[in-house]
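Add 4 to the 1-based position in the sequence shown for our numbering, that's all there is to it.
Data first, discussion second: the structure below is written as structure tokens.
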Amino acid sequence: MRIELPEKAAYIIQELERHGYEAYAVGGCVRDSVLGRVPQDWDITTSARPGEVKAIFGHTIDTGIAHGTVTVMVDHEGFEVTTYRIDGEYEDARHPKEVIFTPLLREDLRRRDFTINAMAYNDADGLVDLFGGLSDLRQGVIRCVGDPAERFTEDALRMLRAVRFAAQLDFQMERRTKEAIRTLSGNLARVSAERIQAELVKLLVSDHPEQIALAYETGLTEVFLPEFDEMMRTEQNNPHHCYTVGEHTIKALTGVPADKVLRLAVLLHDVAKPLCRSVDAQGVDHFYGHPERGSELAGQILRRLKYDNDTTGRVRALIRWHDDNPPLTDRAVRRAISRIGTEQYPGLFAVKRADLLAQSDYQRAEKLAYLSSYEAAWNRIMEQDECLTIKQLAVNGQDLIAAGMRPGKEIGEMLKRLLEIVLDAPEKNTREQLLTFVMNENPFTYDE
Numbered sequence: 005m006r007i008e009l010p011e012k013a014a015y016i017i018q019e020l021e022r023h024g025y026e027a028y029a030v031g032g033c034v035r036d037s038v039l040g041r042v043p044q045d046w047d048i049t050t051s052a053r054p055g056e057v058k059a060i061f062g063h064t065i066d067t068g069i070a071h072g073t074v075t076v077m078v079d080h081e082g083f084e085v086t087t088y089r090i091d092g093e094y095e096d097a098r099h100p101k102e103v104i105f106t107p108l109l110r111e112d113l114r115r116r117d118f119t120i121n122a123m124a125y126n127d128a129d130g131l132v133d134l135f136g137g138l139s140d141l142r143q144g145v146i147r148c149v150g151d152p153a154e155r156f157t158e159d160a161l162r163m164l165r166a167v168r169f170a171a172q173l174d175f176q177m178e179r180r181t182k183e184a185i186r187t188l189s190g191n192l193a194r195v196s197a198e199r200i201q202a203e204l205v206k207l208l209v210s211d212h213p214e215q216i217a218l219a220y221e222t223g224l225t226e227v228f229l230p231e232f233d234e235m236m237r238t239e240q241n242n243p244h245h246c247y248t249v250g251e252h253t254i255k256a257l258t259g260v261p262a263d264k265v266l267r268l269a270v271l272l273h274d275v276a277k278p279l280c281r282s283v284d285a286q287g288v289d290h291f292y293g294h295p296e297r298g299s300e301l302a303g304q305i306l307r308r309l310k311y312d313n314d315t316t317g318r319v320r321a322l323i324r325w326h327d328d329n330p331p332l333t334d335r336a337v338r339r340a341i342s343r344i345g346t347e348q349y350p351g352l353f354a355v356k357r358a359d360l361l362a363q364s365d366y367q368r369a370e371k372l373a374y375l376s377s378y379e380a381a382w383n384r385i386m387e388q389d390e391c392l393t394i395k396q397l398a399v400n401g402q403d404l405i406a407a408g409m410r411p412g413k414e415i416g417e418m419l420k421r422l423l424e425i426v427l428d429a430p431e432k433n434t435r436e437q438l439l440t441f442v443m444n445e446n447p448f449t450y451d452e
């Protein structure tokens, strides 16, 4: 099998070979090339020691030299070049305490996580596949190299990576690999929130975010997202639903675009339902207040997983408003947009659509028709560039002061009143009409 190496990666390999060393492209770039995908990075493994690599190439960066990694720069593009190594004892379920350099490619490949990531390639030797990676790629299988319990004990994050690869590649997880995750899932608690967050995002924005169910089945969500486990256990005895809260969420994830904020919002949009569940006299479940409470709980979860403030704020807002359904008049929709925030659209429509398509068939046609009308009203309002915020008013605080109002909190209150007027009647958003209203109101707030 021949892989088309990028010119710069091929140059590095050839230079190492010219100086008497072995060198191969390795890992994910080989896997993706075999699958016909475009690799994001090209990593190279070599028998050369870090100092020998540095001596060959003029521009290098010591990115991980203690573990054998040197970044070789070729025309401002970096390539990680790592010496063949054997990992020493893992003392924190994540990092080896030490590494031992080895002259043997086999020893380097056998320490890797999954067979599909343990293949190497160069033009001289072709594909080096010592652990059945090519067969597993063809069969669509995620399988550990060697003993899965040993691989996951070395690095607990590999368990979540296994689920992430299943989602990205639409592969099945091999039985022994899955069983080892079930047994060792608790070790994920020793991995940093930042590492877990990164894997969760990759899983969610993959083509198969529904594989979050695999993280649940193997006990991983119980460690980093126990709220999801509670969602999976919460029934929804209500005509509008036909799944548990968690099952509904899994289905909804497949109906929203592959955007980090949108998929996080859908993942957590009903996170408070287990806390808000009530049962009426007819035995029907209700979840009053779950959007507001869910927004608060989602904030706690996202902070726990070390998401940035911008992401957290945007996700919380989408959750807070995902069940908000204003009357279908332009006036009411303008007020809704102003209340919710223009920045939440059109993402809010995507979340609402995914939510309702993951419900039962009950009144589905009516719900979809409502959502289409809501979106049409939003489009119409945006096309007409109607005023929705104080910043869009034809006057500002300085205009009010220039017209005679005393500086102070009354300025802000007056701008809010003006916005209320304009939300009802967009045609009144002119400097003349707004200042006329101001001058006819509360004359005692003006300087004599």
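We put the beta carbon where it would ideally sit given N, CA and C, even for glycine.
Status (buried if at least 16 other CB within 10 Å, exposed otherwise) for residue i
i: Ser-37; result: buried
i: His-294; result: buried
i: Tyr-292; result: exposed
i: Arg-6; result: exposed
i: Glu-347; result: exposed
i: Asn-241; result: exposed
i: Ile-48; result: buried
i: His-23; result: exposed
i: Lys-413; result: exposed
i: Glu-452; result: Per-residue confidence for Glu-452 stands at a pLDDT of 42, beneath the threshold of 50, marking its modelled position as unreliable; the derived number appears in the next sentence. It is exposed - the Cβ of Glu-452 has fewer than 16 other Cβ atoms within 10 Å.
i: Ser-299; result: buried
i: Val-283; result: exposed
i: Thr-420; result: Sequence inspection shows Lys at residue 420; the Thr mentioned does not correspond to that position. That one is exposed.
i: Ile-200; result: buried
i: Ala-429; result: exposed
i: Lys-395; result: exposed
i: Ile-17; result: buried
i: Asp-328; result: exposed
i: Ala-166; result: buried
i: Glu-8; result: exposed
i: Thr-222; result: buried
i: Glu-26; result: buried
i: Arg-307; result: exposed
i: Val-288; result: exposed
Residue i: CB within 7 Å of a non-hydrogen atom of the ligand PLP
i: Arg-318; result: Absent from the structure shown: the ligand PLP. Ligands present: none.
Start and end residues, alpha helix (DSSP H) containing residue i
i: Leu-271; result: 264-272
i: Met-163; result: 161-173
i: Gly-353; result: It should be noted that the sequence gives Phe, not Gly, for residue 353. Looking at the DSSP string, the run of the alpha helix (DSSP H) that includes Phe-353 is 351-361.
i: Tyr-15; result: 11-22
i: Ala-59; result: 54-60
Alpha-carbon spacing of residue i relative to residue j, whole angstroms
i: His-252; j: Pro-350; result: 22 Å
i: Leu-113; j: Asp-174; result: 24 Å
i: Met-386; j: Leu-272; result: 29 Å
i: Arg-339; j: Val-74; result: 57 Å
i: Pro-243; j: Gln-367; result: 9 Å
i: Phe-61; j: Asn-126; result: 19 Å
i: Leu-39; j: Val-57; result: 30 Å
i: Lys-12; j: Ala-153; result: 38 Å
i: Gln-464; j: Val-149; result: Outside the displayed range of the chain (5 to 452) lies residue 464, so it cannot be described from this structure.
i: Val-55; j: Leu-301; result: Reading off the sequence, residue 55 comes out as Gly, not Val. Near 50 Å, if we compare the C-alpha coordinates of Leu-301 and Gly-55.
i: Ser-189; j: Ala-358; result: 30 Å
i: Val-260; j: Val-355; result: 6 Å
i: Asp-140; j: Met-177; result: 10 Å
i: Gly-130; j: Ile-90; result: 23 Å
i: Thr-434; j: Val-399; result: 8 Å
i: Val-34; j: Leu-134; result: 14 Å
i: Thr-86; j: Thr-50; result: 6 Å
i: Thr-248; j: Glu-424; result: 41 Å
i: His-326; j: Arg-318; result: 12 Å
i: Val-227; j: Val-103; result: 29 Å
i: Asp-403; j: Ala-336; result: 28 Å
i: Arg-155; j: Thr-187; result: 13 Å
i: Leu-257; j: Pro-213; result: 6 Å
i: Ala-219; j: Ile-120; result: 20 Å
i: Val-270; j: His-245; result: 16 Å
i: His-63; j: Val-78; result: 8 Å
i: Ala-193; j: Ala-202; result: 15 Å
Where the beta strand (DSSP E) through residue i begins and ends
i: Arg-320; result: Arg-320 -> not in any beta strand (DSSP E); alpha helix (DSSP H) instead, spanning 313-325.
i: Ile-48; result: 47-50
i: Glu-81; result: 81-87
i: Asp-66; result: 64-68
i: Tyr-220; result: No beta strand (DSSP E) contains Tyr-220, which is instead part of the alpha helix (DSSP H) from 216-221.
Are there three or more Cβ pairs, one per stretch, closer than 8 Å when the stretch 381-392 is compared with the stretch 406-419? With a cut-off of 8 Å on Cβ pairs, the stretch 381-392 is not in contact with the stretch 406-419, counting fewer than three such pairs.
Ordered list of alpha helix (DSSP H) runs contained in the stretch 227-260, each at least 4 residues: Segments of the alpha helix (DSSP H) lying fully in the stretch 227-260: 230-237, 249-257.
Closer than 8 Å is the cut-off here; do at least three beta carbon pairs connect the stretch 162-171 with the stretch 65-74? In this structure the stretch 162-171 does not touch the stretch 65-74; the number of beta carbon pairs closer than 8 Å is below three.
What are the uninterrupted segments assigned as alpha helix (DSSP H) that are 4 or more residues long and contained completely in the stretch 381-448, given in chain order? The qualifying runs are 401-406, 413-428, 435-444.
Stretch-stretch touch, CB-based, cutoff 8 Å, three pairs: the stretch 272-284 with the stretch 231-245: Short answer: they touch.
Quick check for students: name the residue ranges of the beta strand (DSSP E) that lie wholly in the stretch 103-187, counting only runs of 3 or more. Segments of the beta strand (DSSP E) lying fully in the stretch 103-187: 103-105, 123-126, 130-133.
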